[in-house]
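Residue numbers for the sequence shown follow our numbering, beginning at 789 and rising by one.
Everything on this sheet refers to the single structure shown next.
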Amino acid sequence: MSHATSSDSLRVEGVTLRYPRAMYPALEDVSIGLAKGSLCALVGPNGAGKSTLMKVIMGVERPQRGSVSFDGRDSAQARRLGLVGYVPQRDVSDEGFPLSVEDVVMLGRYGRLGPLRGPSRADHAAVDEAIARVGLQDLRYRPIASLSGGQTKRMYVARALAQQARFMLMDEPFAGVDKSSEATLASLMRELSGEGITLLVAVHDLHMVAEEFDQAILLRRSVIFQGPACEALRPEVLSRAFSVDDHRARELVA
C-alpha cells in the first residue's frame, strides 16, 4: 500500500534497492509521503534500511525501481538548489582537516557560491544565525576534533540551517549526546517544523517517538507503518517491525 499522496511535500514511491550479491533487497517497494512541516521519526531494527532509505532520498544511492521527489523536483534538482539538508551520525570527511565549527557551518553555503566568489556578507550572516540557533556561539572557532558528541550534532544541524534547506534528514541525532544537547535538538526540531521545514529523523529510542514526534514510519525493508507517532508504539505494530511477540513489544516501550 502506498503512503504517498499527490499533496505530499516529500514523496518516495515504490523504491526497491538491492545491493550486488545480496540475498534480499535492502529496501523493497518503499512508499512514504510527508506533508510540509512534518516532524517524522524513522524507526526500525538494525539492518532495517533506515540509513539506506536516507541515502536514496538524498540521491547518494540509486534504486533499481522507484522515485523520490521534493515539491515535484527530483533528488538531483533538489540538491542543486540546496533544498535538502543532511545531519549525519558522523562525517568522517571532515575529520582529516583542521576545521573549526564556523568552517563546517560555512560549508552549508557553498552550494550558493559561484566558483570564483568568496562568502558574502549574507553568507556570513546566515552562518552567524545558524550557529546562534544551536547555541554554539562560544565554540565557533574551536577545532571540531575537540567537540563532544552533542556539540558535533548541533554543528551539523547548524550547517543544514546555514544552507537554508527546506527538507532536513537526520540520522540518529540523539545517539551519544548529553541531555542538554538532546533537549536543544528536540526543541529546535519542533521550531523548524513550525517554520514549515519537513524533517525525517532516524531514531533508535522508542520512548522519544511519542514524546518528540508527530508522525512515525516503521521500516523493515518495507514500510510496516506510517501514521501518528502514538499509534506506532502499539504492540501489534512493534511486533511486526521488530519480529517479536506482543509481550516483548510491550517491554520495548515500558
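C-beta: ideal position from N, C-alpha, C; glycine also.
Cα-Cα separation, serine 863 to serine 968: 34 Å
Option in Gly899, Met811, Glu979, Arg861 with minimal Cα separation from valine 800: That would be Arg861, whose Cα lies nearest to the Cα of valine 800.
Length of the line joining the Cα atoms of glutamine 951 and alanine 836: Roughly 29 Å separates the two Cα atoms.
Exposed unless 16 or more other CB atoms sit within 10 angstroms - verdict on serine 826: buried
Where aspartate 926 falls, given that 16 or more other Cβ within 10 Å makes a residue buried: exposed
Distance, arginine 897 Cα to serine 888 Cα: 15 Å
Contact set for glutamate 973: own chain, Cβ-Cβ below 6 Å, skip 5 residues either direction: Note on identity: in this sequence residue 973 is leucine, with glutamate being the wrong assignment. Closer than 6 Å at the Cβ level, and outside the excluded window around leucine 973, lie Pro961.
Three-state secondary structure (DSSP) of arginine 947: helix
Leucine 798 CB to nearest heavy atom of the ligand NAP below 6 Å: No copy of the ligand NAP occurs in the structure displayed, which carries no ligand at all.
Spatial distance of alanine 1029 from leucine 976 (CA atoms): 28 Å
Span of the alpha helix (DSSP H) around proline 833: Where proline 833 is concerned, there is no enclosing alpha helix (DSSP H), because DSSP gives it neither an H nor an E.
Runs of alpha helix (DSSP H) lying entirely within the stretch 958-992, each at least 4 residues, in chain order: As far as the stretch 958-992 is concerned, its whole alpha helix (DSSP H) runs of at least 4 residues are 967-982.
7 Å Cβ cutoff met for tyrosine 874 and methionine 894: A distance of 7 Å or more separates the beta carbons of tyrosine 874 and methionine 894.
Proximity winner among Thr986, Met958, His995, relative to leucine 822 (alpha-carbon distances): Thr986
For leucine 957 and methionine 789, the rounded distance between their alpha carbons: Bear in mind that the predicted position of methionine 789 carries a pLDDT of just 49, short of 50, making it unreliable; the figure below should be weighed with that in mind. Near 23 Å, if we compare the C-alpha coordinates of leucine 957 and methionine 789.
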